[in-house]
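Residues in the sequence shown are numbered from 661 upward in steps of one, following my numbering. The block underneath contains the structure these notes are about, expressed in structure tokens.
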Amino acid sequence: MYSDIIDTIGFVSKEDPEVGAAMDKELKRQQQNLELIASENVVSPAVMAAMGSVLTNKYAEGYPGKRYYGG
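Structure representation (structure tokens):
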């Protein structure tokens with residue numbers, strides 16, 4: 661189910677082995693433990709992909725039409 665995430669870890673490991681190792685360690689921790697904090701629960705691969713996409717390149721503060729800057 662999470663084979664694409666593991667491929668992402670491999671990609672990161674090639675660029676920065678220390679960060680890749682931290683990601684691998686965190687993935688194993690999540691797989692071996694039950695998180696009871698909702699904000700730390702496992703997300704679906706679709707959510708993981710969306711969070712790592714161009715959607716995260718934008719930051720907006722305020723409401724549409726009443727923002728401090730574009731967003």
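Beta carbons: idealized from backbone N, C-alpha and C, even for Gly. Small disclaimer: the values here were computed from a predicted structure and weren't measured.
For Val-672, I'd like the list of residues in its chain whose CB is within less than 8 Å of its CB, leaving aside the five on either flank, ordered along the chain.
For this step, residue 672 is matched to residue 12 along the sequence shown. Exclusion of the five residues before and after Val-672 leaves Val-679, Gly-680 and Met-683 as the residues of its chain whose Cβ lies within less than 8 Å of its Cβ.
Quick one: Cα of Gln-690 to Cα of Val-703, how far?
Position 30 of the sequence shown, counted from the first residue, corresponds to residue 690. Position 43 of the sequence shown, counted from the first residue, corresponds to residue 703. Spanning the two alpha carbons is a distance of roughly 11 Å.
Going by DSSP, what residues sit across from Arg-727 in a beta bridge?
For the purposes of this step, residue 727 is identified with residue 67 of the sequence shown, where counting begins at 1. For Arg-727, which the question treats as bridged, DSSP gives the partners Gly-722.
May I ask you to report which of helix, strand or coil DSSP gives Glu-675?
The residue given as residue 675 occupies position 15 in the sequence shown. If DSSP states are grouped into helix, strand and coil, Glu-675 belongs with the helices.
So, with DSSP's three-state summary, where would you put Val-702?
Within the sequence shown, numbered from 1, the residue matching residue 702 stands at position 42. Coil, per DSSP.
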